[in-house]
Every structure is written in structure tokens, then in C-alpha cells.
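All remarks here apply to the structure that follows.
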Amino acid sequence: MPHSRPAPSGPSELQREQRYVDLLYRRVDDSREEVARRLGGALREEGGTAQARVERGVEVDRLTRRLTALDAAEKGLCFGRLETTDGERRYIGRIGIRDPDTEDPLLIDWRAPAARPFYTATAAAPQGMLLRRHLHARGRTVVRIDDERLDGTGPLRADVQLSGEAALLTALEADRTGRMRDAVATLQAEQDRIIRSPGAGVLVVQGGPGTGKTVVALHRAAYLLYTNQRLFERGVLVVGPNPVFLGYISQVLPSLGETNVLLSSLDELFPGAAASRVESERAGEIKGRAVMADILATAVRHRQAQVDSSLDGPVAVEIGGEDLHLEPELLADAVAQAHATGAPHNVARPVFCRVLIEELARRLANVITELEDQFEEDIADRVDAAALDRAVNDDLAGLFGPDDQLTVPPTPPGSEIKAAEEHWLDTLPHHPAMRRLLERLWPTLTPRRLLDDLFADPDRLAAAAPQLTPDERAALRRPPGGGWAPADVPLLDEAEELLGFDRVSRRDGPGSERAAEIEYAQGVLDIARGSRAGENENPWAAAELTAADLMTAAEFAAANRQTDDRTVAERAARDRTWVFGHVIVDEAQDVSPMAWRLLLRRCPSKNFTVVGDVAQTGEAAGPGSWSAAMEPFFGDRWRRESLTINYRTPVEIMAASDRVIAEIDPEGEIARAVRTGGDHPRLYAVPRDALPGRLAELVKQEVDGAGDGRVGLIVPAADLDRLATAVQAEIPGLSWGRGVDLERPVVALSARQSKGLEFDSVVLADPGAMVDASPRGLNDLYVALTRASRRLVVVCPDRIPDLFAHLAPARLGE
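Position 142 of the sequence shown, counting from 1, maps to 142 under UniProt numbering, and the rest follow consecutively.
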């Protein structure tokens, strides 16, 4: 390890760095003022051509991003300096700053290639660097400096190479705040290597507890946006396991000046579906299986004139007093023609309807013609048609004169049938009986209706899902309505793909935003046309041109549409069809196959960063390896990196999980903990009926001893409300539930809610019940045991499980 020692701390050294930091802040202040002035001017501009408005929108977006970056750089603007062997000095910070006169770099953005040695240079491989300096600031004031010599003059540890040890330890030993901080000043070499790896393709990052995999994921998002300007247009999607986790990481990317990133859990990726319904773990596991894609496709096909019992014979419909019958062969042909389009269900529906309407129109026209022919035959014996025609022609000749030769022309053969067909082609689509028939044979479906109907009807479910056992189908049964569970969201998304919609109709149809704009524009044009002076009063009026003469209502609406000033993230959050440039998936070991199908639709280019830890898999059907998770979707077109060093969790606390991880995967790779000197875990056995009260006492002790730090109470999910209520009686500020506030001094969570989080102190209750609660109970326990950065307390009802037999128990009061 490079030798880290305090730099000369005399006034001259601190003052020298302070003067330079002051210069940088002056440049930031000047830039902020200039950008704000230009942004205000751009926002005040109005009118102009459509092209001018587009260009103004682009400029507003660019200036807004720059102003956001300048504001975000206020805290910790400059945090490091490199000195090369030839005397060059490079200051490293959150953004890049250039000298306005010479264009020389005053501050190098941490993502730039020139800044990389700050994270990767070591005494063994100095990369041309002589010294690395860390600047610690409070606000705009430099309060401390730490130097690392990279010329090999200090002692090295061969087993671990940590760059920036002093800065890293300072960050690790700081109190938690309930929100993750960015780590631009303390990124380590293996983290930096992964962050800067190419963005194309699929990168899988395996990282155990405390390795910083979430830090890597978020900083990689910032790095990709910095190096690939095209990502600004499409944005980056960061997917986390739950809303609690997203709240925990929500400030990292804004602190790095990045706004074109959407943070979302999987159950938020289908707009309008609030996934708050509680269902059994088994139902969620079944819904996550890849076979559900086939089940939903079958469920859709069974709504296409195939499963109605009346289809054993002709389907009858009464139109205009006529009983018409649609033979199974006709229906099968209509279905085949609709399927031949390759379009989804709702988009193919008009083809099916057209085939039936055309056939029924032909039959109705024939019926009417046959009736007319029969009528003529009936009166033929009573009326001399030839004499009648001569009489009519004689009357016409008397009216117009013999020279006009006006006679009644004979009716062209088949014209009556054609006219009748055209009549019925116009009439049938609006006929109530026909509409009911078409809705019965090929209904217009929404994803919500498809799933509600499927899960509420045992016969539909049995027909669509013969692959499932009766018990599995029973687990999916539920009455319609009642909202959606998280596992339903990928199914809703899959159903939307299978059902589709007519994009033109949805975009321009009645009630749509675009239709309203066009309707309003037509009204404006009508007013403009009506305001023109009457042609009788002003003969030149007809020659005056108005907007109505030069463009259609749709063109007028488009020309006057306001520029969409929402961010990429805001637009993407409301648009299910948005395609992102890159997707980052955290805690990816818990993503189900159906959820992967959803994510692939969000990024068809398959540019993914996947981070997680297989040992922390909580889902019952979770993969046993990354190969099992990745290959069904990416084949062999993915690469893997590993984070091998546990920076956060002290060696003493990690020892508590030794037997747990050995049970989960004896051959698995375990990240090495490198911090020592932490408190040893304390294990208590208490009577089961005394658990709530004793737990409250221990949590209160930890809160009192944590100072400004944070305490996490982690309990079995089924017991969360009961135990949290008991602890809240002693600590009124306790927060728990779906909307848990992580900035409270103490929060209560289930193990799965705690994924990705960290606390100064953790109190873990009833580990045995946590293990017994699900097939992945050991994995949940492993997660809970590795959330603490300083202290761990384990409270066991009645007895301490054998999983902790290697640790010495404690007594209450110790």
C-alpha cells in the first residue's frame, strides 16, 4: 500500500492550496453568472420560426445542464492534485474548468482520462506520478491536506493496494446521514477500472457486501453521460430493488451534476400501475417465470374467436331482420388474415373485423337483391314491363321534345348489388348487433383487462396455462380489481406488447393531447377565415391570404406547439415506449426472467451494466449463478468483472456471517474485508415473550451511542409491524413501512428492504425466523448481517442458533 502521511501543515502550504481553490471558485461564480444571464435571455425569447424555436430549446437544455453542473460542483469542487515526475500539477475535481485567456485546464473533471491516475496510480505502478494529494474542505475552505508519495519511498502492503487511504478512511469513518454520498474523491482502482470500461454491451459486476457496487453503478452512469453525448438524448435508466433504496441513492447523481438519469424500481416502469397489492411469495415467483410470456400469448390467442363454445357451429347474428350465420371456416379465415399481418392483437383487430364485415355486407346485398328479384317476378304476371318502359319514354319525349332522344337507360348488371354492398359496408361497423358480435369474437383489450380476466377465471387460466400445476394456477387466482402487485408489472408490460395499440389512432384520436391541439388550431383558422372582409363588400377580399390558406390545422398546431422543456428523465418516466441509451440494474440477482424481458424492451441495443451479489439473492427462484441469469437473454455476449475488496464492513463484523455464507455457497468468492478495529458483534439470547421489550432497550442504547449516526433495526418481514411498534414506544422518532424515512436516527426494515443500505449500527432481531421465512432465508440473513459499518447487535429468542456458535454470547448490560 502506498505510504500515506500528512503533508506539511504549515500556513504556507494550506494558504497556497486555499489561494488556488479560491481562484477556482471565482471562475465557477463567473461562469454561473454568465450562464444564468444567457439562460434567462433564451427563456424570454418568443416567437420565430419553428426551426428557431427548436434551436432555442436545444440551447436552453444545454445551458440548464451547465448551470446544474456548476451548482452541483459547489460542494467539494476540488478534492485532489497530482504531481508528475516532470513537475506538472493537475488539480482534480467535480467539473472541468479552463483559463479564460489561455484555455489551459485549471481543474480536470474526475471523468477525464488525465484524471485517471488519481484513482489508479500506486507506488508499484506510479504511471508517471510523483505525488497524489487529497484536499479536504469544509465549504470553500481547505482544512486539511494528505499526501501520498508514489515514488516507492514508503512501505507497501503486498496483499491490498488502496489508493487514497487517508481520504477513504475519513469517508468510511464518518457518520451515516441516511443518504448515500458520491465518492468521486475516494474511488479505488478496481472501482475506477469498472466505471471507465466501455459502455457498449453487457457488463456484469459481481460484488459482495461493502465493495461499493452501487457506488460503481452510479458513478458509471455519470461517466457514460460525460463520455457519450448521444446518451443525453436518450438518457440512462438506473433500476433499484425498491423505493427505500432509491431514496437512499437519490442524491448521488444530482451531486455529480447529472439530470438525464431516471431512477426507478421495476414496479414503477409501467406508468399508471401503482404496485401496492400484497400477494404471496409463491404467486410472485410463478409470475416471474419465463413461461408466463407463453401463457400470456396463449391467453391473447384464446380471445381471438377460438374458445367461445358457440364456435362448435356457425355463429348467428341478426341484422336488419335477417338471421345471418358465420361458419367456423369463415372465422378461421378472418383470424388467419389478421395473424398474417404480424401485428399485435388490437392493431390486427381491424383486419379481422374487415373480413367479417365485407362478407356480411355481400350476403346482405345478395339477400336484398334476391328479394327485389322475387318482387319483380311476383308482379311480372300483372304488369307489362316493356309497355311501361315505352309509356315512360313517351312521356319524357313529350316534355323535352323528340329531338332530345331522352330515354331511361337500362340498369347496368350488378349495380344494385354493388350499391347495396357499399351501403352495408358503411352501416355495419356502427350497427349495435355487429359491434357486439365483433367485441365478443375479437375484443379490444387492455393489459389490465387481460390480466384481470385471466386470473379471475379458472377456466381461462387452465386453458392458457396447461404448463402449470393445478396448485400453481390456484396460487395465481384472485378476484378482479384490487390493484397490482410488483410481480404484475412485467406481465402488464408483456401484455401491452402482445395487445399493442394503433399508434396513429392513439396519437390523433379523440381525447388525445394532439387531437385537442389540432381541434384548437382549426378553431383559430376558422376565426381567421371568418374575419376576412366579405367578398361582396370588398372585391379584393378573395385575394387576401390568411394562415388558413397556407396550412392545415395539423400543420398550424405543430408550428405553434410549445417546446417540451421537461428533462429526459421526466419524459421517460411517463412514456412506456421510451428507449434508453444505457440501463444500469442494481441488485440484479433478484430480477426475474419476466422483468428482464421488460428491461430489454427499454434498451433493445442491450447496453447494460448489471451489478449485484448472487449470495444476496432473496427471490425463491433466483439464479444460482450469473450465467444462469444472463445466458437466456444475452447468450455469451456479456462479460464479468468482480469487486474483491470490502471497504465498508469491519473484519470483526464480517466474522458474524462466516457460517451463513459457508451454508449459502461454500465455493463462492468472498470479498476481503480490509478494515479492522471495529467492535465485535454482540449476541443476546432472550425469552421469546420478552423480545419486544428487550429489543426496544437495545435499540435505545445503540441510538444513544450512535451520536449523529444512523441505526437500523432489521427484523423478519412478518414481524415488522409488531416489533417496530414496540420499539417506537421507547423511540418515538422511529420510522418504518413503505415510506420509511432513512434520515431518521433509527429505522425499522425487513432484510429485503435493507438491501444496498448501510448503517453505523444494526440491531438484528430473530435471525432464526428470518431464515425460516422463505427458501432464501439464509440469503436474507446474510444481507442483514452485513449492513453495519461500526456495530452489530443480534437478538435471538430463547437460544442462539448454531450459525453463530463460533461467536461468544453477551449478557444484557454489557
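In this text, a Cβ means the ideal position worked out from N, Cα and C, and glycines have one as well. The model shown is predicted, which means the values in this text are computed figures rather than measured ones.
Within a Cβ cutoff of 8 angstroms, which residues of the same chain sit near residue i, ignoring the five residues on either side of it in sequence?
i: Ser264; result: Leu237, Val238, Val239, Gly240, Leu246, Ala573
i: His288; result: Sequence check: residue 288 is Gly here, not His. Ala487, Pro490, Ser592, Pro593, Met594, Ala595, Glu619, Ala621.
i: Val216; result: Gln191, Ile194, Ile195, Val205, Gly207, Val611, Leu643
i: Glu694; result: Checking the sequence, you will find Arg at residue 694 rather than Glu. Only Tyr684, Val686, Val795, Leu812 meet the Cβ criterion.
i: His302; result: Arg460, Ala463, Ala464
i: Arg639; result: Gly201, Val202, Leu203, Val204
i: Leu67; result: Arg32, Val35, Ala36, Leu39
i: Leu225; result: Leu231, Phe232, Val236, Glu258, Asn260, Val261
i: Glu281; result: Ala620, Ser774
i: Val142; result: Leu14, Glu17, Gln18, Val21, Leu135, His136
Residues in the same chain with beta-carbon distance under 7 angstroms from residue i, minus the five sequence neighbours each way, listed in chain order, please.
i: Val771; result: Gly777, Leu778, Leu781
i: Phe118; result: Gly80, Leu82, Ile92, Arg132
i: Glu74; result: none
i: Ser657; result: Tyr782, Leu785, Thr786
i: Leu296; result: Leu491, Glu494, Ala495, Leu498
i: Gly321; result: none
Just curious, the beta strand (DSSP E) that residue i is in, first and last residue?
i: Ile731; result: Ile731 -> no beta strand (DSSP E), and no H or E assigned at all.
i: Phe608; result: 608 to 612
i: Arg220; result: Premise fails: Arg220 lies in the alpha helix (DSSP H), 213 to 227, not in any beta strand (DSSP E).
i: Gly240; result: 236 to 240
i: Ala325; result: Strictly speaking, residue 325 in this sequence is His, with Ala absent from that position. His325 -> beta strand (DSSP E) spans 322 to 326.
i: Leu263; result: 261 to 265
i: Phe634; result: That residue, Phe634, is in no beta strand (DSSP E); its alpha helix (DSSP H) goes 626 to 634.
i: Thr577; result: Per DSSP, Thr577 belongs to no beta strand (DSSP E) and is neither H nor E.
i: Leu246; result: Premise fails: Leu246 lies in the alpha helix (DSSP H), 243 to 249, not in any beta strand (DSSP E).
i: Arg132; result: 129 to 138
i: Gly207; result: 202 to 207
With residue i as the anchor, note down where its alpha helix (DSSP H) starts and where it stops.
i: Leu598; result: 593 to 602
i: Asp704; result: 691 to 706
i: His190; result: The residue asked about is misnamed: residue 190 is Glu in this sequence, not His. Counting along the chain, the alpha helix (DSSP H) containing Glu190 begins and ends at 189 to 195.
i: Met770; result: 767 to 772
i: Ile714; result: Counting along the chain, Ile714 falls outside any alpha helix (DSSP H), though it belongs to the beta strand (DSSP E) covering 711 to 714.
i: Thr676; result: Run containing Thr676: none; DSSP gives neither H nor E here.
i: Pro490; result: 488 to 499
i: Ala464; result: 458 to 464
Compare the C-alpha of residue i against each of the options and name the closest.
i: Pro113; options: Asp101, Thr122, Gln127; result: Gln127
i: Arg354; options: Val367, Asn366, Ala336; result: Ala336
i: Leu218; options: Asp30, Gly739, Arg181, Arg688; result: Arg181
i: Val711; options: Asp719, Ala717, Glu702; result: Glu702
i: Thr177; options: Asp766, Pro801, Ser774, Glu758; result: Glu758
i: Thr64; options: Arg144, Ile249, Gly257, Pro745; result: Gly257
i: Glu329; options: Ala340, Gly321, Glu322, Pro314; result: Pro314
i: Glu421; options: Leu437, Pro470, Ala365; result: Ala365
i: His590; options: Leu600, His582, Ser197, Asp613; result: Looking at the sequence itself, residue 590 is Asp, so the reference to His does not match. Considering only alpha carbons, the answer is Asp613.
i: Arg149; options: Val142, Ala137, Ala124, Arg138; result: Ala124
i: Asn346; options: His134, His136, Pro447, Ala72; result: Pro447
i: Glu494; options: Thr649, Leu451, Ser605, Thr469; result: Leu451
i: Ala433; options: Glu318, Phe270, Met630, Ala475; result: Glu318
i: Leu77; options: Pro209, Ala628, Ser255; result: Ser255
i: Leu792; options: His680, Gly737, Gly756; result: His680
i: Leu492; options: Ala274, Cys603, Val660; result: Ala274
i: Ile800; options: Glu103, Pro767, Thr102; result: Pro767
i: Arg349; options: Gln251, Ala305, Ala671; result: Ala305
i: Glu730; options: Asp704, Gly284, Lys700; result: Lys700
i: Leu764; options: Ile145, Leu720, His325; result: Leu720
i: Ala72; options: Asp109, Val651, Phe501, Gly500; result: Asp109
Enumerate in chain order the residues of its own chain whose CB-to-CB distance from residue i is below 6 angstroms, with the five nearest sequence positions on each side excluded.
i: Asp308; result: Low confidence applies to Asp308: its pLDDT is 46, below 50, so where it sits in the model is not reliable, and the reading given next is rough at best. Excluding sequence neighbours, Asp308 sits near nothing in its chain.
i: Glu466; result: Inspection of the sequence shows that residue 466 is occupied by Pro rather than by Glu. So no residue of the chain qualifies.
i: Arg27; result: Ile97
i: Arg220; result: Ile195, Thr609
i: Met654; result: Ala673
i: Asp586; result: Thr214, Ala217, Gly240, Val611
i: Ala290; result: Pro593
i: Glu641; result: Ile194, Val205
Next on the checklist: Any contact between the segment 783 to 802 and the segment 746 to 757? By contact I mean 3 or more CB pairs, one from each, below 8 angstroms.
Outcome noted: yes
Checklist entry - Per the contact definition of three or more C-beta pairs closer than 8 angstroms, is the segment 347 to 361 in contact with the segment 416 to 428? => result yes
Checklist entry - What are the complete beta strand (DSSP E) segments, minimum 3 residues, inside the segment 24 to 92? => result 78 to 84
Item to check | In chain order, each alpha helix (DSSP H) run of at least 4 residues that lies wholly inside the segment 96 to 121 | outcome: 117 to 120
Item to check | Sequence ranges, beta strand (DSSP E) only - wholly within the segment 737 to 802, length at least 3 | outcome: Taking only runs of at least 3 residues, the beta strand (DSSP E) segments lying wholly in the segment 737 to 802 are 746 to 749, 759 to 765, 788 to 797.
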